[in-house]
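Undergrad: The structure under discussion is supplied below as structure tokens; questions concerning it will follow.
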Amino acid sequence: MKQNKAKKLRDKIIGTFVKQLKDSPFFRSEFLRSLKESLSILEGRRSIQSIICYGLGSFSQSVDIASRYQLALLVLLYQHLLDLRHELSQFVEIYDPSFDDIDRSTLLLFESPKFKIITENELCARSLARERADRVTLVYMPHMDKHFYNNLLGANWSQQGLKSMIILGNSFGEMIDTEIARSRRQRELHYINTLVNNFESNGSDNLHRPAKNKGEKALIETKIDDSSFEHSDVFNNLSFHSVCDIWVQENSPKISLHRLKSWQPSDSS
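Residue 1044 in my numbering sits at position 154 of the sequence shown, with consecutive numbering throughout.
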């Protein structure tokens, strides 16, 4: 019974949600344009080798179409990167604490990509740095709590770690903008705040001061216009994020200095 339900759900996601999304102006125009712009930063020197997905949410509940469209986007993203000849692992690693048995069984029935379900809650704090500098991990985190993005950055707060990932998730710039009047919470988002403001807002007296760094900006954020998509709460506020290589090289000593010694993965409270 469970396998039959899972198979029907997989077929529905592929036959309905993936198909609708693939044919939509949002995917064909806005998403692929933003993806191309984000990948151009790699300049042919690096390749996406793996994809990790956190926070998709349970898609087995028929009332939640957002998670189904977000899963469909993950499938299309993987297939498009294969078409671009990125040397992708055949597995996409995936985790959400709300996955039930039907969610997990459904994911295991997919073939392109195949899914590998992460067995424990990493709180998004996985180190992605690789021995080969030409390999990059794309982390897909649709609509997650700010702390989890900060956890991922904190776990990779090194010269090699910051160059080893592209994050597809909520706009970092908008996260910091919404925290302007809440300095304590802004300090809790230390790593996001540092990238957005180029080390120009690390103290309580200058949290609101605009960046004056004359060199390269740290954060390269490519926003995705979802206005053409019929469901306004599915892909709103999504952006691709990467860290500028030149900025990392210019600020390597600062990056080491501004790593929080007592950093631990926070919960979302």
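Think of the CB as a built atom: it goes at the ideal place given N, C-alpha and C, for glycine as much as any other residue.
Are L925 and F1130 close, meaning C-beta to C-beta below 9 Å?
TA: In this structure, F1130 lies closer than 9 Å to L925 by Cβ.
Undergrad: I need the DSSP call for I992, collapsed to helix, strand or coil.
TA: Three-state result, I992: helix.
Undergrad: Measuring straight from C-alpha to C-alpha, what distance separates A1019 and V982?
TA: Going from the Cα of A1019 to the Cα of V982 covers about 17 Å.
Undergrad: Under 7 Å Cβ to Cβ from R900, same chain only, skipping five residues before and after it: list those, please.
TA: T996, L999 and F1000, listed in sequence order.
Undergrad: From the DSSP output, in three-state form, read off K1036 for me.
TA: Three-state DSSP puts K1036 in a helix.
Undergrad: From N1103 to S1132, what does the alpha carbon distance come to, in whole angstroms?
TA: Any answer about N1103 is weak, because its pLDDT of 45 lies below 50 and its placement is not dependable; what the coordinates show is given next. Between N1103 and S1132, the C-alpha separation is close to 18 Å.
Undergrad: Does DSSP put F1062 in a helix, in a strand, or in coil?
TA: Looking at F1062 - three-state DSSP - the assignment turns out to be helix.
Undergrad: Consult DSSP for R900 and reduce its assignment to one of helix, strand or coil.
TA: Reduced to three states, the DSSP call for R900 is helix.
Undergrad: For the segment 1000-1013 against the segment 973-989, do three or more pairs of beta-carbon atoms, one drawn from each stretch, fall closer than 8 Å, so that the two count as touching?
TA: With the cut-off at 8 Å, the segment 1000-1013 and the segment 973-989 touch.
Undergrad: Distance check for C1014 and R1149, CA to CA, integer angstroms please.
TA: Approximately 17 Å, taken between the alpha carbons.
Undergrad: Would you kindly check if the distance between the Cβ of Y1030 and the Cβ of Y959 is under 9 Å?
TA: Going by C-beta atoms, Y959 is not nearer than 9 Å to Y1030.
Undergrad: Using a Cβ-Cβ cut-off of 7 Å (strictly less than) and excluding sequence neighbours within five positions of K897, which residues of its own chain qualify?
TA: Excluding sequence neighbours, K897 sits near L999.
Undergrad: Would you identify the three-state DSSP class for F916, choosing helix, strand or coil?
TA: In the structure shown, F916 sits in a helix (DSSP, three-state: H, G or I).
Undergrad: Would you identify the three-state DSSP class for L929, choosing helix, strand or coil?
TA: It is helical.
Undergrad: Quick check on I1008: does DSSP put it in helix, strand or coil?
TA: Note: I1008 maps to coil in three-state DSSP.
Undergrad: I need the DSSP call for M891, collapsed to helix, strand or coil.
TA: Three-state DSSP puts M891 in coil, outside helix and strand.
Undergrad: For I992, I'd like the list of residues in its chain whose CB is within less than 8 Å of its CB, leaving aside the five on either flank, ordered along the chain.
TA: Closer than 8 Å at Cβ, skipping near neighbours: K892, K895, A896, L899 and S950.
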